[in-house]
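K.L.:
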Amino acid sequence: MKKILRLALAAILFAAGTVSARLPEPISMPQDIKGTSPHKPEAAVYYLTELVKEGKMTAEEAERTEVYMIFRNARRMQDLQDVEGLSEEDRRAYMKKKRELRGNPLVEYANRCGFTLERAKELMDLMHDSDKGTSYYGKARHHG
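4 is the number of the first residue of the sequence shown in the numbering used here; add one for each residue after it.
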């Protein structure tokens with residue numbers, strides 16, 4: 004029985020680890036922001052710089068992506084202010100409605116940065132170290 008529980012726990016931990024794939028934290032990241040989400044603009048710039056150094060993204064793509072991430076972060080902070088004081092149920096409903104209004108994140112990223120949908124997919128996959136962009140790309144192609 005203990006062996007089964009250990010195997011189940013190991014499977015759960017492995018699955019949880021694979022869901023939140025992301026790039027390793029850049030060595031150049033300052034100590035005071037280590038551990039900060041790569042979605043935060045103050046950390047994102049270090050990840051983007053690494054991708055440029057590795058030749059996986061151009062400097063212009065990184066700059067456009069950084070501007071987009073600043074915009075996304077500001078919008079997210081506004082959303083969080085808007086739901087302050089609401090019940091969990093109301094917060095979830097508000098955020099769900101916002102996501103529906105904004106549509107496919109890959110399409111938004113491509114449009115705001117002036118990338119083709121295909122290049123935006125490649126960049127999103129790179130930045131998430133996963134097939135997140137590919138997944139959104141499939142949804143965009145399927146729905147419109």
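All C-beta atoms in this analysis are idealised placements derived from N, C-alpha and C, irrespective of residue type, glycine included. The model shown is predicted, which means the values in this text are computed figures rather than measured ones.
Go ahead and pull the three-state DSSP assignment for N107.
P.N.:
Your numbering for residue 107 matches position 104 in the sequence shown. DSSP places N107 in coil when its eight states are reduced to three.
K.L.:
Could you give the distance in angstroms between the alpha-carbon of S133 and the alpha-carbon of K101?
P.N.:
In the sequence shown, counting from the first residue as 1, residue 133 sits at position 130. In the sequence shown, counting from the first residue as 1, residue 101 sits at position 98. About 25 Å.
K.L.:
Just to confirm, is the Cβ distance from E64 to A47 under 8 Å?
P.N.:
Against the sequence shown, residue 64 aligns to sequence position 61. Against the sequence shown, residue 47 aligns to sequence position 44. Against a cut-off of 8 Å, the Cβ pair of A47 and E64 comes out as no contact.
K.L.:
Identify the continuous alpha helix (DSSP H) that holds F118 and give its terminal residues.
P.N.:
As a position in the sequence shown, residue 118 is number 115, starting the count at 1. Looking at the DSSP string, F118 is not in any alpha helix (DSSP H), and its letter there is neither H nor E.
K.L.:
What residues in its chain sit with their C-beta under 8 Å from that of A143, if we drop five residues either side in the sequence?
P.N.:
Your numbering for residue 143 matches position 140 in the sequence shown. Excluding positions up to five away in sequence, the list reads N107, L109, V110, L120.
K.L.:
Should R75 and G117 be called a contact, given that it needs their Cβ atoms to be closer than 8 Å?
P.N.:
Along the sequence shown, read from residue 1 onward, the residue named residue 75 stands at position 72. Along the sequence shown, read from residue 1 onward, the residue named residue 117 stands at position 114. Cβ atoms of R75 and G117: not closer than 8 Å.
K.L.:
Count the other CB atoms, across all protein chains shown, that sit within 10 Å of the CB of A113; report buried if there are 16 or more and exposed otherwise.
P.N.:
If you number the sequence shown from 1, residue 113 lands on position 110. Flag for A113 reads buried.
K.L.:
Going by alpha carbons, who is nearest to D82 out of E92, M72, Y97, Y71?
P.N.:
In the sequence shown, the residue the question calls residue 82 occupies position 79. Nearest C-alpha to D82: Y97.
K.L.:
Taking the alpha carbon of M80 as the reference point, which residue from S90, K43, L104 has its own alpha carbon closest?
P.N.:
Your numbering for residue 80 matches position 77 in the sequence shown. Checking every option, the nearest Cα to that of M80 belongs to K43.
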